[in-house]
Amino acid sequence: MKSVRPRRGITSLHQHQVKDRRLGEDLCAGSNALLSEVTTRGTLHGSVDTRLSPIYDENVHARIWRTALTGPPTLFDDDGWPQYTQGAHNNTPPSDTEPGVYVSTAADGWTAGFFPDSLWQLYHRRRDLQSELAFKSEPTLEDWLATAQDWTDPLIANRNLTNTHDIGFLAKPFQSALRFNRETRWLPVLGQMSYNLASRFVPTAGVIRSWDTDNSSYSSRGSHEDSVLVIIDNMMNLALLMQSAVEYTHNDRLREIAASHANRTRDNHFRPDGSSYHVCDYSGSTGDVYLCRTAQGLSDNSTWARGQAWAIYGFAEIYSLTKDPSYLETAMRAANYFIEHLPQDGLPFWDFDAPYIPNVAPRDSSAATIAASGLMLLQQQIDSCGRAAGAQNYTDAATRLLRSATELALAGEIGFEDIDQAKPGASLGAVTEIDTPANTTVSSGFESILMHGTANNNPNAGDGRSYDTGLVYGDYYLIEASNRLLEIARDRKYEK
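Every letter in the sequence shown is one number past the one before it in numbering that gives the first Met the number 0, and letter 484, counting from 1, is 483.
Written as structure tokens, this is what we have:
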């Protein structure tokens, strides 16, 4: 296969905009046209939209607590960290797991940090954002804290992990413990994890290797012997390097690695319309791009919904840490594409090029919540440049995504008094399908908060194919996004 040079169109756009920008001009300047492309409307008015009340209801808190009582795993357990719920559309279902109940992963599985960090996010909510709104029979603030710590501690097993790029995801509970409880004992761990992630950097390609190449699966197959595979998801791990350079290790080389990876992703992972490729295959010898393709989307030329959500969030986050205007531009273009390609009911199908057939084609509720949190982060960055009026459009889009997720995918209501403290798993189990409606008693035993997530529906996924399921990261970003909305409302109230 002939080697091709990296696409230059987007790079030229960035270079032109930066070149023409005067010294001292606001870093956000030049983005008005992008903001005008967003068509959603509405206002926050310093408070949370009442239609979003389900994301703050007892059901959300009780579901997380019910799962928490089934653990925590112990150090070096082979599994125990929630990953996805068992269902009819998992190609390799464990024989001992009931439908609607979490299938677990080991501590080094890429999703292992999301449930512990969900506990930290609810602790933060109760302590800092909604301390006056505790529910009847809800655990105390001290209980939330102790449980978050108990679920986080065993992940110390990942301290020396180097065989994955998802170290940033796995570090999240430690970062939250540091942020919300000043647990400085995790500083050396976070420093080591950042160095482990940096060890996957391939200087000739300027990127952090995502998947190690082999022929064991469609996803990890490289086109050449020197292939270096990079997935759009990997943008989500760069914050660990940036934060380490500032706080954990004070090693500026980590910042340089993160910036190099972000630049290469910005230049090569996007089409002119702002849509993204899932995978780019680089030459480890020359840095050229062999090809870009999908792994979990519909086809090589389609736009995988969750990948587009990762792009929004990842570039908004890297902008927040660098103030490089090209990252803001990239985040906005990705956001505009995502918003403009949503179905009428607002809940994305698993791929933006998949057939839009309600109650037949799989949705991805996790793409909605990841994008919602990323859109609010994006709005906060534009707000920080004094352009809140334009940024409001992204908040509106985010709240629409959260409403759609709860209206179409929220599992049936439960309360703390419904949980058997001695046998928390006794009430777990629910048979659901693509057309199962939200918030009915049929899904009360469903373990995760949201139904209708898609892990991987690529036709070539084989045993890895899994859709119409509950995803632990979909729940995590629902909680994070709803907390972010409370923070935005609080900050605007104080600004008045």
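We put the CB at the ideal spot given by N, CA and C, even for glycine. As the structure is a computational prediction, the values presented were derived from the model and not from experiment.
>> What does the alpha-carbon distance come out to for the pair Arg483 and Gly99?
In response: Here residue 483 refers to the residue found at position 484 of the sequence shown. Here residue 99 refers to the residue found at position 100 of the sequence shown. Annotation: Arg483 to Gly99 spans about 28 Å, alpha carbon to alpha carbon.
> Looking only at DSSP bridge pairs, what is Val201 linked to?
Replying inline: Against the sequence shown, residue 201 aligns to sequence position 202. Under DSSP, the beta-bridge partners assigned to Val201 are Val206.
> What residue does the beta strand (DSSP E) around Gly306 start on, and which one ends it?
Replying inline: Position 307 of the sequence shown, counted from the first residue, corresponds to residue 306. Gly306 -> not in any beta strand (DSSP E); alpha helix (DSSP H) instead, spanning 304-321.
> Can you tell which of Leu68, Asn459, Glu479, Tyr476 has the C-alpha that lies nearest to the C-alpha of Asn90?
Replying inline: Stepping through the sequence shown from its first residue, residue 90 is reached at position 91. Considering only alpha carbons, the answer is Asn459.
> Helix, strand or coil: which one does DSSP assign to Arg21?
Replying inline: Numbered from its first residue, the sequence shown carries residue 21 at position 22. At Arg21, the pLDDT of 30 sits below 50, so the modelled position is not reliable; the number obtained from the coordinates is stated separately. Three-state DSSP puts Arg21 in coil, outside helix and strand.
> Is it the case that the Cβ atoms of Leu520 and Thr183 are separated by a distance below 8 Å?
Replying inline: For residue 520 there is no data in the structure shown, the boundaries of the chain being 0 and 495.
> Quick one: Cα of Thr468 to Cα of Thr368, how far?
Replying inline: To locate residue 468, count along the sequence shown from 1; it is residue 469. To locate residue 368, count along the sequence shown from 1; it is residue 369. Counting only the Cα atoms, Thr368 lies some 15 Å from Thr468.
> In whole angstroms, what is the alpha-carbon distance linking Leu470 and Pro347?
Replying inline: Taking the sequence shown and counting its residues from 1, the one referred to as residue 470 is at position 471. Taking the sequence shown and counting its residues from 1, the one referred to as residue 347 is at position 348. Each residue's alpha carbon lies about 15 Å from the other.
> DSSP puts Val504 in a beta bridge; with which residues?
Replying inline: Because the chain spans 0 through 495 in this model, residue 504 falls outside it and cannot be assessed.
>> Report the CB separation of Gly273 from Arg332 in whole angstroms; it is logged as a contact under 8 Å.
In response: Within the sequence shown, the letter at position 274 stands for residue 273. Within the sequence shown, the letter at position 333 stands for residue 332. Indeed they touch by this definition, with Cβ atoms about 4 Å apart.
> Where do the N-terminal and C-terminal ends of the beta strand (DSSP E) with Trp109 fall, by residue?
Replying inline: Stepping through the sequence shown from its first residue, residue 109 is reached at position 110. Membership of Trp109 in any beta strand (DSSP E) is not indicated, and neither H nor E is assigned to it by DSSP.
> Quick one, which of Ser52, Leu68, Asp56, Thr49 has its alpha-carbon nearest Ile418's?
Replying inline: Mapped onto the sequence shown, residue 418 falls at position 419. Checked all of Ser52, Leu68, Asp56, Thr49; the closest Cα to Ile418 is Leu68.
> Under 8 Å, do Leu237 and Asp280 count as touching if we go by C-beta distance?
Replying inline: As a working note, residue 237 is residue 238 in the sequence shown. As a working note, residue 280 is residue 281 in the sequence shown. No, Cβ-Cβ distance for Leu237 and Asp280 is not below 8 Å.
> If you run the structure through DSSP and keep just helix, strand and coil, what is Thr151?
Replying inline: Stepping through the sequence shown from its first residue, residue 151 is reached at position 152. Correct three-state label for Thr151: helix.
> Quick one: is Lys135 buried, meaning 16 or more other Cβ sit within 10 Å of its Cβ, or exposed?
Replying inline: Position 136 of the sequence shown, counting from 1, holds the residue named residue 135. Counting the other CB atoms within 10 Å of its CB gives Lys135 a total below 16, which places it among the exposed residues.
> What's the gap between the Cα of Ile433 and the Cα of Trp80?
Replying inline: Here residue 433 refers to the residue found at position 434 of the sequence shown. Here residue 80 refers to the residue found at position 81 of the sequence shown. The C-alpha of Trp80 is placed about 25 Å away from the C-alpha of Ile433.
> Going by Cα to Cα distance, which pick from Thr405, Gly283, His60, Leu401 is closest to Leu132?
Replying inline: Residue mapping note: residue 132 aligns to position 133 of the sequence shown, counting from 1. Ranked by how close their Cα comes to the Cα of Leu132, the residues Thr405, Gly283, His60, Leu401 have His60 in first place.
> Under 8 Å, do Leu376 and Ala315 count as touching if we go by C-beta distance?
Replying inline: Here residue 376 refers to the residue found at position 377 of the sequence shown. Here residue 315 refers to the residue found at position 316 of the sequence shown. Contact flag set, yes.
> Hey, His277 and Gly313 are a contact pair by Cβ (cut 8 Å); roughly how many whole angstroms apart?
Replying inline: Indexing the sequence shown from 1 puts residue 277 at position 278. Indexing the sequence shown from 1 puts residue 313 at position 314. Not confirmed; about 13 Å, so no contact.
> Sorted by chain position, which residues of the same chain lie with C-beta nearer than 6 Å to Arg270's C-beta, five sequence neighbours on each side aside?
Replying inline: As a first step, residue 270 must be located in the sequence shown, where it is residue number 271. Around Arg270, the same chain offers no residue with a beta carbon nearer than 6 Å, after the five sequence neighbours per side are excluded.
>> Mapping the DSSP letters down to three states, classify Val100 as helix, strand or coil.
In response: Within the sequence shown, numbered from 1, the residue matching residue 100 stands at position 101. Of the three classes helix, strand and coil, the one that applies to Val100 here is coil, per DSSP.
> Below 8 Å between beta carbons: does that hold for Phe337 and Ala294?
Replying inline: Start at 1 with the first residue of the sequence shown, and residue 337 comes out as number 338. Start at 1 with the first residue of the sequence shown, and residue 294 comes out as number 295. No, the pair does not count as a contact, with Cβ atoms beyond the cut-off.
>> I'd like to know if Ser219 contacts chain B, where contact means its C-beta is closer than 8 Å to some C-beta of that chain.
In response: Chain labels in this structure do not include chain B; a single protein chain is all it has.
> Roughly how many angstroms separate the alpha carbons of Gly501 and Asp323, rounded to a whole number?
Replying inline: Coverage of the chain is limited to positions 0 through 495, which leaves residue 501 absent and any answer about it impossible.
>> Please report the distance separating the alpha-carbon of Ser52 from that of Asn58.
In response: Here residue 52 corresponds to residue number 53 of the sequence shown, with the count starting at 1. Here residue 58 corresponds to residue number 59 of the sequence shown, with the count starting at 1. Distance from the CA atom of Ser52 to the CA atom of Asn58, rounded to whole angstroms, is 11 Å.
> Which residue comes first and which comes last in the alpha helix (DSSP H) that contains Val288?
Replying inline: Residue mapping note: residue 288 aligns to position 289 of the sequence shown, counting from 1. Run containing Val288: none in the alpha helix (DSSP H); it sits in the beta strand (DSSP E), 288-292.
> Taking the DSSP output, what are the residues bridged to Gln281?
Replying inline: The residue given as residue 281 occupies position 282 in the sequence shown. It is Tyr, not Gln, that sits at residue 281 in the sequence shown. Note: Tyr281 is bridge-paired with Val227, Val288 in the DSSP secondary-structure output.
> If you drop the 5 nearest sequence neighbours on each side, which residues of the same chain put their C-beta closer than 8 Å to that of Ser284?
Replying inline: Here residue 284 refers to the residue found at position 285 of the sequence shown. Here the set comprises Thr203, Asp225.
> Does DSSP put Leu132 in a helix, in a strand, or in coil?
Replying inline: Sequence index remark: in the sequence shown, residue 132 carries index 133 (1-based). Three-state result, Leu132: coil.
>> In whole angstroms, give me the CA-to-CA distance for Pro357 and Asp350.
In response: Counting from 1 along the sequence shown, the entry for residue 357 is found at position 358. Counting from 1 along the sequence shown, the entry for residue 350 is found at position 351. Roughly 13 Å separates the two Cα atoms.
> Is the Cβ-Cβ distance between Leu128 and Leu449 less than 8 Å?
Replying inline: Translated into positions along the sequence shown, residue 128 becomes position 129. Translated into positions along the sequence shown, residue 449 becomes position 450. Judged by beta-carbon spacing, Leu449 lies beyond the 8 Å limit of Leu128, meaning their Cβ atoms are not closer than that value.
>> For a test of the three-state rule: what should DSSP assign to Arg158, helix, strand or coil?
In response: The residue labelled residue 158 in the question sits at position 159 within the sequence shown. Coil.
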